[in-house]
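J.: Got a structure for you, questions after.
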Amino acid sequence: MTAGTVLVVRPDSAGDVLLAGPAVRAVAEGARQVVLLAGPHGRAAAELLPGVSRVVEWRTPWIDPSPPPMTGPHALRLMRAVQEAAPELALVLTSFHQSPLPMALLLRLAGTPRIAAICADYPGSLLDVRHVVDEDVDVPEAERMLGLARAAGFELPPGDAGALAVRRPLPEVGHLTGPPGYVVVHPGVSAPARAWPAENWTRTVHDLVRAGWRVMVTGGPGERALTARVAGGRPAPEVVDGGHVWESVADLGGRTTFAELAAVLAGASVVVVANTGPAHLAAAVGTPVVSLFAPVVPAARWAPYGVPAVLLGDQDAPCRGSRARVCPVPGHPCLSSVPVARVVEAVNHLASVKEVVH
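When you read off a place in the sequence shown, starting at 1, and then add 1411, the result is the number in the working numbering.
See the structure below:
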């Protein structure tokens, strides 16, 4: 398919945007330019996606975790941005529990001539390409979105296997991390139901250092208290490399941009992280992941995609499939039951896998 400007809509979190990467590349292969509509939580990830020509930001009231009021002026801001982009086609990418129809209505009012989406509900005249999938079958989100792109007539370029990816080159971060070969520990999450206890993260860092690893503790600006606690739980020895002295534990909380975080993850042997955006960012830079995965959403859909991974956590716990943001089960057993020793064991296993692959 050959198209002019195509609008791809994915107004969710950074991880959701990264998972849209294969679909975006398929569209870019057959379009003159791709404009990606993202929310504020996903914009930085959108700007890293290969194939994206321009990013438009709009907070989507039925998607954003802290939604703005759905007012006429707010809707007009989106409609004006869409009219300026003048797409001849829009792909509305959603997760299985989201409806594309509110966005399709606004795009239609903005004059978008063709709209494609996965939709179980009757769309009337809101969609031109209604792609129906069996939502009882758990398909990885990246493949689900790529399926919509194919239904709309777009295919990945020859030689593109459909893995997650980011633009290269990434920023230089050696001044933060020292040489490659460390482990990244990312303790923060966007929803409490997905969190592993902070004291477990602290013990993991300590035990990784005892096992001979350098550890980078990463997090966003709002997670500095958590990363300081996790990184500073115990005094650590120093490692000497080439005349430079590198601390065994570095607290990088709030010290990186999203692109710099991608570079930090790319230099790691393994990333230890819950089900949150950096898990997908690690996959996008090809680094193995120890995934502390709460089953509030299906791992078959949202586990790290396309890289070696060890999935930890009771996937049959009572919270399974609840989509809860706060754990509904006292004691948070699905993750609190994961022993620190199992995490360290998984790190050592995946590090050996990465050495074999590279």
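Using N, Cα and C, we set each Cβ at its ideal position, and we do this for glycine too.
Check whether the region 1668-1684 and the region 1579-1592 touch, using three or more Cβ-Cβ pairs below 8 Å as the test.
T.: yes
J.: Which ranges does the alpha helix (DSSP H) cover as unbroken runs of at least 4 residues, wholly within the region 1586-1663, from first to last along the chain?
T.: 1609-1621, 1635-1642
J.: Please confirm whether residue 1448 and residue 1473 have their CB atoms less than 9 Å apart.
T.: no
J.: In terms of residues, what are the limits of the alpha helix (DSSP H) holding residue 1519?
T.: 1512-1520
J.: In this structure, does DSSP put residue 1509 in helix, strand or coil?
T.: coil
J.: Where does residue 1538 fall in DSSP's three states?
T.: coil
J.: On the CB-based measure, 16 or more other CB atoms within 10 Å of its CB, does residue 1508 come out buried or exposed?
T.: exposed
J.: Exposed or buried, what is residue 1548 when buried is set at 16 or more other beta-carbons lying within 10 Å of its beta-carbon?
T.: Counting Cβ neighbours within 10 Å, residue 1548 comes out exposed, since fewer than 16 surround it.
J.: Which of helix, strand or coil does DSSP assign to residue 1527?
T.: If DSSP states are grouped into helix, strand and coil, residue 1527 belongs with the strands.
J.: Considering only the alpha carbon of each residue, which of 1626, 1613, 1620, 1618 lies closest to residue 1636?
T.: 1613
J.: Quick one: measure Cβ to Cβ for residue 1603 and residue 1738, integer angstroms, because I've assumed they're closer than 8 Å.
T.: 7 Å
J.: Below 8 Å CB to CB, which residues in the same chain sit around residue 1503 once its five sequence neighbours on both sides are set aside?
T.: 1420, 1511, 1514, 1515, 1518, 1526, 1527, 1528
J.: Look at the alpha carbon of residue 1647 and the alpha carbon of residue 1659, and state the distance between them as a whole number of angstroms.
T.: Bear in mind that the predicted position of residue 1647 carries a pLDDT of just 44, short of 50, making it unreliable; the figure below should be weighed with that in mind. Rounded to whole angstroms, residue 1647 to residue 1659 spans 6 Å at the Cα level.
J.: Among all the DSSP beta bridges, which residues are the ones paired with residue 1429?
T.: As far as DSSP is concerned, residue 1429 takes part in no beta bridge.
J.: Residues in its own chain within less than 6 Å of residue 1460 by CB, not counting five upstream and five downstream?
T.: 1432, 1435
J.: Verify whether the separation of the beta carbon atoms of residue 1563 and residue 1540 is less than 9 Å.
T.: Cβ distance < 9 Å, so residue 1563 and residue 1540 count as in contact.
J.: Can you check which of these residues, 1535, 1561, 1530, is closest to residue 1375 by C-alpha distance?
T.: A query on residue 1375 cannot be resolved here, the shown segment of the chain reaching from 1412 to 1769 and no further.
J.: Determine the direct distance from the alpha carbon of residue 1417 to that of residue 1494, and round the result to whole angstroms.
T.: 12 Å
J.: Please state if the CB of residue 1698 and the CB of residue 1711 are separated by a distance shorter than 9 Å.
T.: no
J.: So, residue 1553 versus residue 1570, is the Cβ gap smaller than 9 Å?
T.: no
J.: Please list, in chain order, all residues of the same chain as residue 1747 whose beta carbon is under 8 Å from its beta carbon, the five residues on each side excluded.
T.: 1607, 1608, 1611
J.: Would you call the CB atoms of residue 1688 and residue 1665 closer than 9 Å?
T.: no
J.: Less than 8 Å between C-beta atoms, sequence neighbours within five positions excluded: which residues of the same chain meet that for residue 1708?
T.: 1686, 1732, 1734
J.: One question on the structure: do residue 1577 and residue 1670 come within less than 9 Å of each other, judged by their Cβ atoms?
T.: In contact: residue 1577 and residue 1670 (Cβ atoms closer than 9 Å).
J.: Hey, how far is the Cα of residue 1579 from the Cα of residue 1741?
T.: 44 Å
J.: Find the nearest neighbour of residue 1639 within the set 1596, 1622, 1619, judged by alpha-carbon distance.
T.: 1596
J.: Tell me which residues share the same chain as residue 1626 and place their Cβ nearer than 7 Å to its Cβ, disregarding the 5 neighbours each side in the sequence.
T.: 1593, 1594, 1596, 1616, 1619, 1620, 1659, 1660
J.: Assuming residue 1575 and residue 1429 are in contact, meaning their beta carbons sit under 8 Å apart, how far apart are those beta carbons, in whole angstroms?
T.: Rounded, the Cβ-Cβ distance is 6 Å, consistent with contact.
J.: Taking only the alpha-carbon atoms, compute the straight-line gap between residue 1598 and residue 1668 and give it to the nearest angstrom.
T.: 17 Å
J.: On a Cα-Cα basis, can you pick out the residue from 1443, 1450, 1662 that is closest to residue 1464?
T.: Of the listed residues, the one whose Cα sits closest to residue 1464 is 1443.
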